[in-house]
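Novice: One structure, as structure tokens, below. Some questions next.
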Amino acid sequence: MKNISLAALLLVVTACGPSASTTSSTSSVPTPPPSEPTASAPSTSEAAPTAAPKPEVVGNWSSPECAERKYERKISLAADGSFASQDLVSPCPPNAKCVWSGIVDRKGTWSLTGEEVTLSATEQGKPAGSPLPSKLQVDKGALVEVSGNTRCTYVKQ
42 MKNISLAALL LVVTACGPSA STTSSTSSVP TPPPSEPTAS APSTSEAAPT AAPKPEVVGN
102 WSSPECAERK YERKISLAAD GSFASQDLVS PCPPNAKCVW SGIVDRKGTW SLTGEEVTLS
162 ATEQGKPAGS PLPSKLQVDK GALVEVSGNT RCTYVKQ
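When you read off a place in the sequence shown, starting at 1, and then add 41, the result is the number in our numbering.
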């Protein structure tokens, strides 16, 4: 009986397996097909939209006059963690001679913690104009300077 069962099993395996001609033709076909590895990739990219993407804060930002600050402020956040800012308090007009350029330059370092950019100025520039904020909020792809109830939005340039 054992011999019959073993023979039946071999017959089933042989009948269900690839034939000799199929094996030789499929041996040149790559396994798995190229489309199979890419089929799993969309499942990971499909999961990304459910989590809110972190906005890219590195780059040049600008905020027009806002609240008590009556001039444009520019902030540049570098990938190495340094920043530079310019307050265009009273820029010297083109072709004019001015005692002061009217621009307050500041430099320092920045860091991102959660949804908050912290600025640490190492060079303050002239004391003219509004103080540089120590923190900016990341809100819907923009940087926001919050002072009391006032929100000054910086747009990426």
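Here a beta-carbon is modelled for each residue, glycine too, at the ideal position from N, C-alpha and C.
Check this for me: beta carbons of Val145 and Lys176, under 8 angstroms apart or not?
Specialist: No, they are not a contact pair.
Novice: Between Glu109, Val99 and Trp102, which lies nearest to Gly189 when the distance is taken from Cα to Cα?
Specialist: Cα-wise, what sits closest to Gly189 is Glu109.
Novice: Mapping DSSP to helix, strand and coil, what is Glu97?
Specialist: In this structure, Glu97 counts as coil in the three-state DSSP scheme.
Novice: Identify whether Glu2 lies in helix, strand or coil by the three-state DSSP scheme.
Specialist: Any question about residue 2 goes unanswered here, given that the chain covers just 42 to 198.
Novice: Could you check where the beta strand (DSSP E) with Glu164 kicks off and where it finishes?
Specialist: Glu157 to Glu164 is the extent of the beta strand (DSSP E) around Glu164.
Novice: Quick one: give me the first and last residue of the beta strand (DSSP E) that Gln178 is part of.
Specialist: Unbroken beta strand (DSSP E) run through Gln178: Lys176 to Asp180.
Novice: When the Cα atoms are used, what is the spatial distance from Lys115 to Gly155?
Specialist: Near 22 angstroms, if we compare the C-alpha coordinates of Gly155 and Lys115.
Novice: Could you tell me whether the Cβ atoms of Ser117 and Ala125 are closer together than 8 angstroms?
Specialist: In this structure, Ala125 lies closer than 8 angstroms to Ser117 by Cβ.
Novice: When DSSP labels each residue in this structure, what does Ser171 get in the three-state scheme?
Specialist: Three-state DSSP puts Ser171 in coil, outside helix and strand.
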